[in-house]
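To start, the structure under review is shown below, and the notes come after it.
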Amino acid sequence: MHDFEPKIVAFVCTWCTYAGADLAGTSRMQYPPNVRVLKFPCTGRIDPVFILRAFQKGADGVLVSGCHPGDCHYMAGNFHARRRFAAFRALLDFIGVDLNRLQFSWVSAAEGGKWVEVVTDLTERVRTMGPMPEFKELEHEELWSTFAEATAGKSTGLNITGDRSQVLNTPELKEAYDSIS
Amino acid sequence: MNAKANKNQLTSIEPAYYEAVTEAIRKEAVKILKEDTVVGVVGYLPGRRKGTATPALVTSVEEAEKLVFSPACVNNLSVYLTKAKKGVLKQGKVGIVAKGCDMRALAGLMTESQLQREDLFIIGVVCPGVYGFGVERTGTLTEANIARKCRECIVHMPEGADVAAGTHAELADLTPEEAEEMARIEAMPQAERWAFWKEHFSRCIRCMACRQVCPFCYCEQCLCDKNRPQAVESSPRPAGNMAWHLVRAMHLAGRCGGCAECERVCPMDIPLNLLNRRMAKELKELYDYEAGLAPVEKGPLNQYKEDDDQSFIK
Amino acid sequence: MTPGKKKLSYSYYPGCSLHASGREYDISTRALFKALNVGLKEVPDWFCCGATPAHNVDELLSLSLCAKNLSLADQVEGDLAVACAACFSRLKTTQHHLKEDETKRKQVEYAIDGPASLNKPVKHILEILAREYGLAKLEESVKKPLMGLKVAAYYGCLLTRPPEVPELDDCEDPSIMEDILRALGAEPVKWSHRMECCGANFTLSRPGVVLKLSNAILESARLAGADCIMVACPLCHGNLDIRQKEIKEAYGAPDSTLFGSIFGSDLPLSTTSEDRRDLPIFYITQLAALAMGVASQSLGFESVIIDPKPLLRDKQLL
Amino acid sequence: MSRIGVFVCHCGENISRTVDVEQVAKAAGEIPGVAYSCDYKYMCSDPGQTLLKKAVAEHKLDGVLVAACSPRMHEKTFRKAAESAGLNPYLCEMANIREHCSWVHEDREMATEKATGIVKLMVERVRKGKSLAPITVPVTKRALVIGGGIAGIQAALDIADAGHRVVLVERDPSIGGHMAQLSETFPTLDCSQCIMTPKMVDVANHPNITLYTYAEIEKVDGYIGNFQVTVKHKARSVDESKCTGCGVCMTKCPKKKIPNEFDQGHGMRPAIYVPFPQAVPNTPVIDRENCTMFQSGKCGVCAKVCGPGAVDYEQTDSFTVEDVGAIVVATGFKLYTIDRKPEDSPIQGYGEFGYGTIPDVIDGMTFERLASASGPTGGKILRPSDGKEPKQVVFIQCVGSRAREKGISYCSKVCCMYTAKHTMLYHHKVHDGQAYVFFMDARTPGKGYDEFWRRAVEEEEAVYIRGMVSRMYQKGDKIVVMGSDIQVGVQVEIEADLVVLATAVQAQDGADLLAQKLGISYDKYNFYSEAHAKLKPVECATAGIYLAGACQGPKDIPDTVSQASAAAAKVMTLFAKDQLERDPVVAKVNEKYCVGCFACKKVCAYGAIEEKEIRDRQGNLVKKVAYVNPGVCGGCGTCQATCPSKSIELDGYTDEQIMAMIEAL
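Chains as they are written, first to last, in numbering that gives the first Met the number 0: chain A, 0 to 180; chain B, 0 to 313; chain C, 0 to 317; chain D, 0 to 664.
Laid out in structure tokens, this is it:
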């Protein structure tokens with residue numbers, strides 16, 4: 000079995016970070032080959048759904064990188080992105096995603112070195128964390144599995160708020176419920 | 000204004016209060032219908048069973064005289080103006096009975112150009128709270144039967160209504176359940192948080208009631224119904240469920256006024272309002288923004304400041 | 000809740016001078032606030048703020064002194080009212096520094112063994128009178144307008160400087176004292192030396208400097224036709240009042256060595272000796288209390304050197 | 000089913016040294032939908048490009064992926080090649096396996112695997128790509144210049160000389176601006192009016208220039224190449240078409256004692272006036288605030304004496320709409336007012352200098368008027384209070400400028416030089432006078448500038464004192480200036496007869512409002528922001544709008560004229576084509592699904608999104624939707640990430656393309 004090689008996806012803007020990564024290349028700097036770069040015009044174009052999708056499709060770490068504040072080629076795209084991702088991070092954190100797998104950075108066209116540093120740090124960090132199982136597992140699970148488990152008395156030990164009998168508030172529903180459990 | 004100075008430390012809101020509010024709503028509704036100020040009023044009629052109420056669009060004086068307000072008036076009526084009864088706005092000005100949370104939704108919808116203030120006649124209700132689910136509906140509102148969301152309500156008195164029905168009424172010393180629940184989840188180890196939500200989301204049957212009842216899910220085509228490309232798997236499987244609830248929370252961030260209708264209608268008892276509340280808390284902390292307190296030009300995620308927090312960015 | 004409906008009330012930090020050489024400032028402040036029906040509650044167990052010397056010796060000590068006093072003040076409700084310009088400056092400076100400098104804040108908090116109270120609003124009585132009580136209301140409350148009294152309002156160095164700390168008024172061209180004087184019915188004169196330094200605590204170590212600087216201030220006020228000078232700082236009061244006779248002796252004749260002028264002619268800043276009339280020095284609170292109809296006996300006019308009573312009698316204010 | 004061609008480049012050995020290019024080409028060939036793949040030594044060379052073109056034809060390819068260097072290097076090259084092979088250029092993409100792969104990795108196996116991975120993703124991008132046609136925007140070859148100072152005049156003349164029509168709009172009754180007020184100019188001391196007035200006349204006489212004075216910009220619609228600008232013509236009360244400029248009205252006007260703004264209030268003018276004798280146009284205007292006819296209805300002298308009957312008391316403000324393709328903003332500056340702190344302004348005043356209360360404390364522009372041969376004193380230096388010749392003059396530099404505590408932290412750039420000039424002018428006119436200058440630094444970068452300053456100090460006997468002034472007060476007929484000399488370390492007091500303050504250069508009043516109308520950005524001091532501090536110093540971020548002169552920041556005359564000519568050159572570049580062609584990477588709205596929440600409009604930095612009404616056949620409003628103006632859209636895609644229903648989409652970076660790439664990870 001191979002050692003674990005993390006899959007890292009980088010969403011970058013074309014003007015600053017993509018150019019910074021180009022500079023790392025022309026300067027012949029070295030960094031781990033785990034990263035796949037997806038080019039966007041601007042960090043403002045990057046939808047949180049893309050990050051979600053990347054995790055679902057097997058990414059172990061995601062990097063979002065664009066121009067430093069004030070340097071946006073489109074004036075304000077990175078400012079909007081900054082707010083959007085500040086909110087998205089909070090959400091991921093709340094549902095229990097380890098934020099160490101998600102990195103944001105400003106890398107300018109002149110910062111080849113910083114690109115290498117950011118990519119290397121993230122790759123090595125994720126390597127020590129191991130594969131990200133959460134979203135991948137979901138892909139293979141079927142509906143009702145945990146529900147059936149819970150209702151069959153094999154409780155997951157989690158506190159499910161409210162009393163289910165109130166949800167199933169008609170005899171008909173209750174009957175249906177009983178028939179599946 | 001000053002809650003502490005309120006001498007009436009109420010432990011219950013008696014039916015008399017609701018009768019008074021009902022009277023005020025009826026009077027105002029009848030008046031604006033008679034005067035042809037509005038083509039109809041969205042409000043509540045008594046439900047068929049005792050202790051219930053049902054949303055309705057009334058267009059005649061006779062019907063308006065039947066309007067009610069009680070703790071059973073749980074529905075957020077603003078949703079009717081962007082969805083089921085959207086067409087009525089084309090015929091003219093519409094009256095609407097609005098509790099604090101309905102008002103927050105209305106303000107948000109005005110912010111998003113979905114409603115125009117001049118198209119509405121808002122009968123604001125000074126609302127002490129509504130019933131929670133599965134509680135005893137005695138006609139009296141107490142700490143025992145008030146809804147979770149109402150325990151942390153910040154808009155009892157709708158600002159910006161045309162008229163207000165009711166006077167100051169608020170239950171004293173309510174403990175915030177949702178905030179506590181949120182703190183409990185935040186305090187969990189990360190893996191446990193994941194397991195908690197995974198369990199909840201796994202049960203989702205994708206009935207889309209949460210979307211249907213939400214005043215802000217007014218898109219004609221939901222991103223989650225799109226299949227080219229398919230960002231969110233549409234069948235009720237755990238992967239798609241997780242994606243759906245994350246997308247939903249993200250789309251409502253900075254917009255949701257906290258009416259918790261999504262949570263109320265969820266047949267699978269998923270604590271959806273916790274997600275909305277968590278996002279609201281974040282945006283309040285980061286950008287000092289609370290959704291729906293008044294119509295604004297731009298929501299928190301549609302604007303920026305040059306010195307916004309970026310401590311999370313390398 | 001409109002502020003007008005609730006009785007204004009402050010915690011009060013008098014400072015050492017007001018319990019010693021500047022006692023009449025303390026007395027008149029309390030008398031004035033009582034007359035205006037504004038609450039004033041002395042901070043229990045307060046001690047010296049370090050005044051102007053401490054920060055020259057040990058910055059951390061001076062910050063800690065003020066921080067401790069602020070945390071004592073926190074125990075009393077209401078914004079903190081301060082009358083002494085030096086105390087005001089030090090307390091505000093401490094809050095300003097500690098807000099900006101995390102490390103210092105931690106050191107100070109260690110020293111005083113508790114949190115530094117950085118957000119307790121510290122207000123000079125000038126701003127309480129002009130802004131919180133309000134000029135209009137002040138004018139309404141006047142029982143005995145100070146008609147015909149020409150006053151040189153003297154700010155000194157500490158009240159408005161440095162620009163980012165006191166937030167009291169325009170740093171170099173303030174008007175708050177003049178505004179209050181007008182509300183009291185007095186006539187503020189336009190004069191040149193209202194922002195100059197009186198020599199402050201050099202009064203002990205280098206009295207010559209103080210004589211020179213204070214003389215220039217007194218002369219400038221006389222030239223502008225002032226009957227008296229109004230101050231809001233016990234140190235300024237001391238230098239201008241206690242030293243006034245000495246100044247007269249030292250600078251009796253027109254003096255050409257007053258300023259080291261390297262260009263242009265020397266300034267005839269001294270007027271003729273017959274013009275060297277005594278200038279009573281008033282605290283802002285003395286004048287204000289007088290206008291509010293407080294009995295002059297309770298304003299400490301007896302304990303100053305240049306007797307103000309002849310002037311006040313002359314203007315029919317006694 | 001798509002037919003994609005993948006072309007893998009060796010780049011000599013740059014790629015093939017670390018990446019097994021043959022292996023990559025082979026793996027690419029196995030991707031479903033890839034109809035052809037190959038590798039070649041130098042893809043960008045002529046034979047390489049020929050190979051690509053041939054393959055497109057032979058294999059009927061409908062998409063091309065070149066796996067080579069960075070698209071920033073050769074995307075244009077290959078897109079052109081694809082285009083010449085009959086393919087839409089936007090169906091040609093590049094996979095960066097050099098900068099992002101072979102150059103940054105050493106392990107051949109892993110680098111090959113990565114290169115294959117990159118190719119796989121990019122194939123998906125090509126597969127979901129769409130043909131795009133360049134967007135063309137017609138250009139109206141007519142320019143608007145806002146502001147008739149030296150910057151606006153220079154820009155207008157340059158553009159007009161190139162054969163394009165220009166509309167020049169000036170707020171005041173005459174063009175000329177601040178430069179017309181100056182006496183002599185540094186560093187050559189040539190007379191400002193002598194070099195300025197001929198240019199003003201050129202403007203008036205130029206067949207390509209339409210001059211609107213006493214007019215303001217009311218509204219700006221449209222976008223680059225197609226602006227519609229509403230100009231408000233303020234009521235002059237004199238019919239410009241009839242007036243001959245004889246001036247009889249001015250001599251007969253009974254109200255003559257109105258302080259003349261042109262002379263900084265130190266000369267007088269009548270109520271019907273031209274600001275100065277060389278004014279262009281030489282048509283008077285009635286100052287209605289001060290005119291007896293307008294105030295009391297009794298007078299009418301000017302109308303009676305006017306031969307051609309040009310005086311028209313009934314005139315009202317009128318409006319015209321000008322179609323222009325480009326706008327040059329040249330609104331100039333104003334001088335810092337050093338009175339007390341103005342209401343609601345973050346800028347602190349200099350009350351301690353007694354400006355406004357001490358009559359002989361004046362600002363630099365007033366000194367210019369005193370020194371000017373056409374000024375109120377006929378060029379004699381006489382102080383305002385008593386008309387005496389001042390023998391000791393104190394000049395103070397950096398009044399307002401470089402004073403963070405007063406709210407302005409920038410350097411006003413021109414004051415060091417004009418103060419040196421003032422000391423010279425003073426010395427030339429008052430031989431026994433002495434000039435003192437309080438200064439922080441003497442900043443003299445510019446051709447001949449330092450020499451000029453040294454001349455003031457060394458030959459013209461100005462005494463420079465390094466230090467600032469703390470206070471001034473009137474004492475008898477003297478002004479006592481209290482300051483410090485920090486080089487000697489002493490306090491200084493000077494009894495001056497006249498004090499001249501070199502007050503800060505500030506943005507014009509209303510600069511922010513004009514910027515909002517134009518949709519351009521400005522800094523916290525209300526100076527307009529250029530698109531890039533170094534490389535786009537005259538362009539605004541808003542396409543089609545250019546900056547000239549001090550409206551962008553303090554500038555002297557040579558810099559202003561240079562920038563004005565540069566802005567004119569930019570306008571000419573734009574006008575050199577009939578149609579603007581631009582990259583079609585712009586957003587489009589799906590009107591069927593757009594519900595008009597206008598979140599996209601709120602986040603658009605370009606103002607490219609408008610509200611569009613959808614009506615049914617009867618004309619009833621169905622809904623309002625967003626509409627993207629492709630001429631204005633910058634192509635950042637922030638709107639798409641913001642749109643909840645994804646009813647707005649950025650061509651070239653569609654969700655479908657991106658999702659497909661993520662699927663292929």
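A virtual CB, placed ideally from N, CA and C, is assigned to each residue, including glycine.
Do residue j and residue i come within 8 Å of each other at the CB atom, strictly closer than that value?
{"i": "D:Glu580", "j": "D:Pro133", "result": "yes"}
{"i": "D:Leu500", "j": "D:Gly353", "result": "no"}
{"i": "D:Cys415", "j": "D:Trp452", "result": "yes"}
{"i": "C:Ala151", "j": "C:Ala223", "result": "yes"}
{"i": "C:Ile175", "j": "C:Leu125", "result": "yes"}
{"i": "B:Cys265", "j": "B:Cys216", "result": "no"}
{"i": "B:Val129", "j": "B:Cys72", "result": "yes"}
{"i": "D:Leu64", "j": "A:Arg35", "result": "no"}
{"i": "B:Pro45", "j": "B:Thr139", "result": "no"}
Terminal residues of the continuous alpha helix (DSSP H) containing residue i?
{"i": "D:Leu167", "result": "Counting along the chain, D:Leu167 falls outside any alpha helix (DSSP H), though it belongs to the beta strand (DSSP E) covering 164–168."}
{"i": "C:Gly207", "result": "206–222"}
{"i": "C:Pro233", "result": "233–236"}
Identify, in the order they occur along the chain, each residue of the same chain with its Cβ nearer than 7 Å to the Cβ of residue i, setting aside the five sequence neighbours on each side.
{"i": "D:Glu655", "result": "Lys127"}
{"i": "D:Lys645", "result": "Gln639, Asp654"}
{"i": "D:Lys241", "result": "Pro307, Gly308, Ala309"}
{"i": "B:Ala19", "result": "Gly165"}
Near residue i, which residues of its chain fall below 6 Å by C-beta distance, leaving aside the five closest residues on each side in sequence?
{"i": "C:Ser295", "result": "Leu317"}
{"i": "D:Gly518", "result": "Thr541, Gly606"}
{"i": "A:Ser26", "result": "Gly111"}
{"i": "D:Val7", "result": "Val20, Val23, Ala24, Asp38, Ala66"}
Would you tell me roughly how many angstroms separate the C-alpha atoms of residue i and residue j, rounded to the nearest one?
{"i": "B:Leu105", "j": "A:Phe78", "result": "28 Å"}
{"i": "B:Gly133", "j": "B:Ala143", "result": "11 Å"}
{"i": "D:Arg401", "j": "D:Ile407", "result": "6 Å"}
{"i": "B:Glu219", "j": "D:Cys593", "result": "7 Å"}
{"i": "D:Arg107", "j": "D:Thr17", "result": "5 Å"}
{"i": "B:Glu34", "j": "B:Ser59", "result": "12 Å"}
{"i": "B:Ala242", "j": "D:Leu664", "result": "18 Å"}
Taking Cβ positions only, does residue i come closer than 8 Å to chain G?
{"i": "D:Glu123", "result": "Protein chains in the displayed structure are A, B, C and D, and chain G is not among them."}
Just curious, the beta strand (DSSP E) that residue i is in, first and last residue?
{"i": "D:Ile361", "result": "360–362"}
{"i": "C:Ile179", "result": "First-last for C:Ile179: 175–182, but that is the alpha helix (DSSP H), not the beta strand (DSSP E)."}
Could you check whether the Cβ of residue i sits closer than 7 Å to any heavy atom belonging to the ligand GTP?
{"i": "C:Val208", "result": "Although the ligand GTP was asked about, the structure shown includes no ligands whatsoever."}
Handout entry: chain B contacts from the region 572–606 of chain D (Cβ-Cβ distance under 7 Å)
Key = Listed by position along the chain: Tyr592, Val594, Gly595, Cys596, Phe597, Ala598, Lys601, Val602.
Exercise for the section: Return the residues of the region 291–306 of chain B that lie within a Cβ-Cβ distance of less than 9 Å from chain A, sorted by chain order. Expected result: Against chain A - using a Cβ distance shorter than 9 Å - the residues of the region 291–306 of chain B are Pro299, Leu300, Asn301, Gln302, Tyr303, Lys304, Glu305, Asp306.
Practice task
Could you name the residues of the region 105–135 of chain D whose beta carbon sits closer than 8 Å to any beta carbon of chain A, in the order they occur along the chain?
Solution key: Answer set for the region 105–135 of chain D: Glu105, Asp106, Met109, Ala110, Glu112, Lys113, Gly116, Ile117, Leu120.
Practice task
Determine which residues of the region 439–473 of chain D have a Cβ less than 9 Å from any Cβ of chain C, and write them out in chain order.
Solution key: Within the region 439–473 of chain D, the qualifying residues are Val462, Ile464, Ser469, Arg470, Met471, Tyr472, Gln473.
Problem - Where the region 616–641 of chain D meets chain A: residues whose CB sits under 8 Å from a CB there - result: Those residues of the region 616–641 of chain D that come within reach of chain A (Cβ to Cβ, closer than 8 Å) are Gly633, Gly634, Cys635, Gly636, Thr637, Gln639, Ala640, Thr641.
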